[in-house]
Amino acid sequence: MTTILIIVAGIIVTFLLAYVIVNFIPKKLHWLVSICLIGLAVFLGYKINYEIQKPIKFNKEKKIRYAKVITNLKMLRDAEVAHKKVTGTYTANGENLIKFIDTAKFALTQTKNVPKTVNVGGGITKEIEIRVIDTIGYEDVKLQFVGKDYQNMLNIPGTDKKFKIEVGEIEKIAGLKAPVFEIAVDKSIILEGMDANLVKQEKEAIGGEEIRGEFLSVGSLGEVSEDGNWPPFYDKGDKKNNE
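Sequence positions in the sequence shown follow this note's numbering and run 162 to 404.
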């Protein structure tokens, strides 16, 4: 919108200057006016190019900032998933989550079918198989975070703020509740210092290749989900690392 206004203003000023030059300025001063016009043209060209480049630079910078934040959100998500696997619940205490990674262990299990004889009545027995899960060992949770800076995963990159973890329960079906968690950060915190109008537009994004809404988040307090709200291209690096 600003670019359009600048172009329209430039056209109007050009016509006004042309009218003034032709009707009011002596010919011997036209060279001076020409220099002024060249200067004005250079200035307008710079302003138009600046306004065109501004959203391009904004989009490039925001993706860099978002990617850093998403890296930490993924670590937090993986830590919460591991915590639930070991303890059965998520935790809202970020510092305890870091300690959990350093000290907790996954139980390694093996499932097998074992034959069992059951009495079906009338002196009749029947052979059935039951599934038995045996613990065959343990593995450090920390091994899943090798090469990751999980000690600093609570920090929101590029800011002096920390992520806030919220946990709760929702009723999936009558009488059955499931634990849930959510970690969300306002986009304006991540994009602090950038153009205010473009930040406002970014917070109104409706999806597609953009991150929908005002927040960058993972998990949900309204449904059973461990997903993030970012588009798939932010996960391309993960896919390459897993290949």
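Just so you know, even glycine gets a beta-carbon here, dropped at the ideal spot from N, CA and C. None of the values given here were measured: they were computed from a predicted structure.
**Asked** If you drop the 5 nearest sequence neighbours on each side, which residues of the same chain put their C-beta closer than 7 Å to that of Ala339?
**Response** Glu330, Ile331, Lys333 and Val385
**Item:** Beta-carbon contacts of Glu300 that lie in its chain and below 7 Å, excluding the five residues immediately before and after
**Value:** Lys266, Phe267 and Leu269
**Asked** Where does Asn390 fall in DSSP's three states?
**Response** coil
**Prompt:** Of all the alpha helix (DSSP H) runs that stay within the bounds of the segment 283-369, which reach a length of 4 or more residues?
**Reply:** Runs of the alpha helix (DSSP H) inside the segment 283-369: 348-351 and 357-364.
**Asked** DSSP state of Asn254, grouped into three classes?
**Response** coil
**Prompt:** So, do the segment 227-241 and the segment 250-260 have three or more beta carbon pairs nearer to each other than 8 Å?
**Reply:** Taking a cut-off of 8 Å for Cβ pairs, the segment 227-241 and the segment 250-260 touch, as three or more such pairs fall below it.
**Backbone secondary structure at Ser378 - three-state DSSP** = strand
**Item:** Inter-residue Cα distance where the pair is Thr296 and Thr278
**Value:** 24 Å
**Alpha carbon of Lys223 to alpha carbon of Thr320, nearest angstrom** = 14 Å
**Item:** Coarse secondary structure for Ala240, derived from DSSP in three states
**Value:** helix
**Alpha carbon of Tyr227 to alpha carbon of Gln271, nearest angstrom** = Those two C-alpha atoms are separated by around 40 Å.
**Request:** State yes or no: is the beta carbon of Asn254 nearer than 8 Å to at least one beta carbon in chain B?
**Result:** Protein chains in the displayed structure number just one, and chain B is not present.
**Prompt:** Cβ atoms of Phe342 and Ile326: under 8 Å apart, would you say?
**Reply:** yes
**Request:** Give the single residue among Arg292, Glu212 and Gln312 whose Cα lies nearest to the Cα of Thr232.
**Result:** Gln312
**Prompt:** So, using beta-carbon positions, are Asn390 and Arg373 closer together than 8 Å?
**Reply:** yes
**Request:** Leaving out five residues on either side along the sequence, give the residues of the same chain with a beta carbon under 7 Å from the beta carbon of Asp347.
**Result:** Counting only Cβ-Cβ distances below 7 Å, and skipping sequence neighbours, we find Glu375 and Phe376.
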